[in-house]
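The block underneath contains the structure these notes are about, expressed in structure tokens.
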Amino acid sequence: AQTVTQSQPEMSVQEAETVTLSCTYDTSESDYYLFWYKQPPSRQMILVIRQEAYKQQNATENRFSVNFQKAAKSFSLKISDSQLGDAAMYFCAYRALNYGGSQGNLIFGKGTKLSVKP
Amino acid sequence: DTAVSQTPKYLVTQMGNDKSIKCEQNLGHDTMYWYKQDSKKFLKIMFSYNNKELIINETVPNRFSPKSPDKAHLNLHINSLELGDSAVYFCASSQNLRQTQYFGPGTRLLVL
């Protein structure tokens with residue numbers, strides 16, 4: 185079964201600095217997607233960034249970028265120029281595309297709570 | 007013009023009651039999902055519907071039943087509520103099984 189591990193329950197960063205959130209996953213599949221979702225105190229789940237496993241190029245979205253290491257099954261999120269509004273729970277998620285009944289199913293890590301200090 | 011909406015946002019009820027949570031998406035998506043987020047913030051898939059057919063059914067109690075009257079709606083019915091059902095329930099939708107899922111605002115259920 186696929187699993188997603190976020191080893192940092194909490195992280196803290198100074199405003200305007202850079203922080204990296206870690207995520208590792210376990211799968212025997214070759215075709216899958218990886219995601220980072222943000223959940224602020226409002227509890228809304230917001231998509232931050234998405235990475236297709238077949239793409240070697242790391243995804244970027246403005247201040248957010250990932251370091252995708254397929255062989256190592258690692259998918260870290262880098263937030264540059266951190267802002268107060270970045271404070272939230274961040275969830276790493278895996279999505280199988282060719283795995284029987286779990287096809288399309290999002291499997292989440294336990295989350296990392298990010299605090300941003302002014 | 008909310009993409010994925012849920013009602014109610016908060017639901018407080020007594021043990022043993024039956025309740026429903028409604029979900030609607032106006033994105034024209036073919037697939038809808040229900041997730042449960044427990045008190046430790048852990049998110050887990052409960053159900054998904056693709057073109058009105060159940061395609062994933064994780065090991066949830068049969069007290070929980072998804073009902074989809076049409077492609078834009080996936081409601082969650084819960085019978086005989088238990089204390090352990092207290093959680094935040096999220097609805098989500100995607101164009102198909104390969105595309106990104108977009109989440110509703112969540113429904114916080116508290117069973118007393």
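So the protein sequences, as listed, match chains H and Z. Residue numbers for the first sequence follow the numbering used here, beginning at 185 and rising by one. Residue numbers for the second sequence follow the numbering used here, beginning at 7 and rising by one. Where is the CB? At the ideal position from N, CA and C, for every residue including glycine.
Spatial distance of residue i from residue j (CA atoms)
i	j	result
Z/Gly-90	H/Gln-186	25 Å
Z/Asn-32	Z/Ser-74	14 Å
H/Gln-228	Z/Pro-111	5 Å
Z/Tyr-108	Z/Asn-23	30 Å
H/Ser-196	Z/Pro-14	34 Å
H/Phe-252	H/Asn-242	6 Å
H/Tyr-278	Z/Ser-26	29 Å
Start-to-end residues for the beta strand (DSSP E) that takes in residue i
i	result
Z/Thr-29	According to the sequence shown, residue 29 of chain Z is Cys rather than Thr. Element bounds for Z/Cys-29: 25 to 31.
H/Asn-251	248 to 253
H/Tyr-238	It is not in any beta strand (DSSP E) - H/Tyr-238 carries neither H nor E in the DSSP assignment.
H/Ala-277	272 to 280
Test: residue i CB closer than 7 Å to a CB of chain Z
i	result
H/Arg-234	yes
H/Phe-252	no
H/Met-195	no
H/Gly-269	no
is_contact[residue i, chain H] using C-beta, thresh 7 Å
i	result
Z/Phe-109	yes
Z/Phe-113	Looking at the sequence itself, residue 113 of chain Z is Thr, so the reference to Phe does not match. Not an interface residue.
Z/Lys-47	yes
Z/Arg-104	yes
Three-way DSSP call (helix, strand, coil) for residue i in this model
i	result
H/Asp-210	strand
Z/Leu-115	strand
Z/Leu-123	Given that chain Z is displayed from residue 7 to residue 118, the structure contains no residue 123 of chain Z and the question cannot be resolved.
H/Leu-298	strand
Z/Leu-103	coil
Z/Leu-82	strand
Beta carbon proximity, residue i to chain B, threshold 7 Å
i	result
H/Lys-222	Structure shown: chain B not included; protein chains present are H and Z.
Neighbourhood of residue i by C-beta distance below 6 Å, restricted to the same chain and skipping five residues each side
i	result
Z/Phe-70	Ile-84
Z/Leu-118	Gln-20
H/Pro-224	Ala-272
Cβ neighbours of residue i in the same chain (closer than 7 Å, five flanking residues each side left out)
i	result
Z/Asp-36	Asn-56, Asn-57, Lys-77, Gln-101, Asn-102
Z/Glu-30	Ser-11, Ala-78, His-79
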